[in-house]
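Comments concern the structure below.
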Amino acid sequence: MPAARERPFGSGKVAQPFAGEPEVPPGARVFRVSGEEQLEILTGLWHTPADSQYTFEGEHYGLVGSPALPKPLQQPRPPVIVGGSAQPRTARLAARFADEYNTAFATLEQCQERRARVLKACAEAGREPLVFSLMTGCVVAADRAELRERLRRLM
Numbered sequence: 043m044p045a046a047r048e049r050p051f052g053s054g055k056v057a058q059p060f061a062g063e064p065e066v067p068p069g070a071r072v073f074r075v076s077g078e079e080q081l082e083i084l085t086g087l088w089h090t091p092a093d094s095q096y097t098f099e100g101e102h103y104g105l106v107g108s109p110a111l112p113k114p115l116q117q118p119r120p121p122v123i124v125g126g127s128a129q130p131r132t133a134r135l136a137a138r139f140a141d142e143y144n145t146a147f148a149t150l151e152q153c154q155e156r157r158a159r160v161l162k163a164c165a166e167a168g169r170e171p172l173v174f175s176l177m178t179g180c181v182v183a184a185d186r187a188e189l190r191e192r193l194r195r196l197m
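FYI, in this note's numbering the residues of the sequence shown are 43 to 197.
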């Protein structure tokens with residue numbers, strides 16, 4: 043059995059929920075429903091000693107006496123990355139749980155605004171600023187004609 047499993051958390055469409063997750067209508071924004079509880083459980087399981095049990099009771103999830111195994115290979119735990127457009131709730135969750143905040147396809151001005159919101163949430167939580175990263179795209183082509191065609195298809 044692997045010691046850790048990659049599991050994306052976030053908003054968007056869910057083809058099929060994982061076992062134990064609440065049923066969410068197609069197209070619903072999953073993170074808005076239960077993201078805080080997901081992060082609470084994930085980090086709680088990771089921080090529970092191997093010889094102890096973890097219990098959590100939330101609005102959408104509940105665990106009773108979980109052995110909190112297997113433990114991640116990375117110690118003390120894998121990094122937690124929260125991302126989005128740094129709206130107040132997401133920035134607050136990042137300040138509480140994350141090691142990094144990632145935003146995607148943002149302009150310089152948007153990056154500055156989003157980073158400011160994350161920094162404010164970190165200050166309000168009494169913690170050091172998070173690493174702030176930007177996910178962006180790149181179009182590669184053999185020549186200008188191919189580049190123009192690829193960009194046309196993207197636009």
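Ideal Cβ positions, reconstructed from N, Cα and C, are used throughout, including at glycine. Given the structure is predicted, the values throughout are model-derived calculations rather than measurements.
For residue j and residue i, the rounded distance between their alpha carbons
i: T90; j: L135; result: 20 Å
i: L189; j: F147; result: 19 Å
i: L111; j: A92; result: 7 Å
i: P121; j: I83; result: 15 Å
i: V56; j: T85; result: The pLDDT assigned to V56 is 42, lower than 50, so where the model puts this residue is not dependable; a value taken from the coordinates is nonetheless given after this. The straight-line gap from Cα to Cα measures roughly 22 Å.
i: V124; j: N144; result: 6 Å
Beta-bridge pairing of residue i - partner residues as DSSP gives them
i: A146; result: M177
i: S127; result: Its beta-bridge partners do not exist; DSSP assigns none.
i: Y96; result: S108
Proximity of residue i and residue j at Cβ, strictly below 9 Å
i: Q95; j: S108; result: yes
i: C164; j: E170; result: yes
i: L172; j: E142; result: yes
i: R131; j: L81; result: no
Local Cβ density within 10 Å of residue i, reported as buried at 16 or more and exposed below that
i: V106; result: exposed
i: Q129; result: exposed
i: G77; result: buried
i: M197; result: exposed
i: G126; result: buried
i: A183; result: exposed
i: L199; result: Because the chain is modelled from 43 through 197, residue 199 falls outside the range shown and cannot be assessed.
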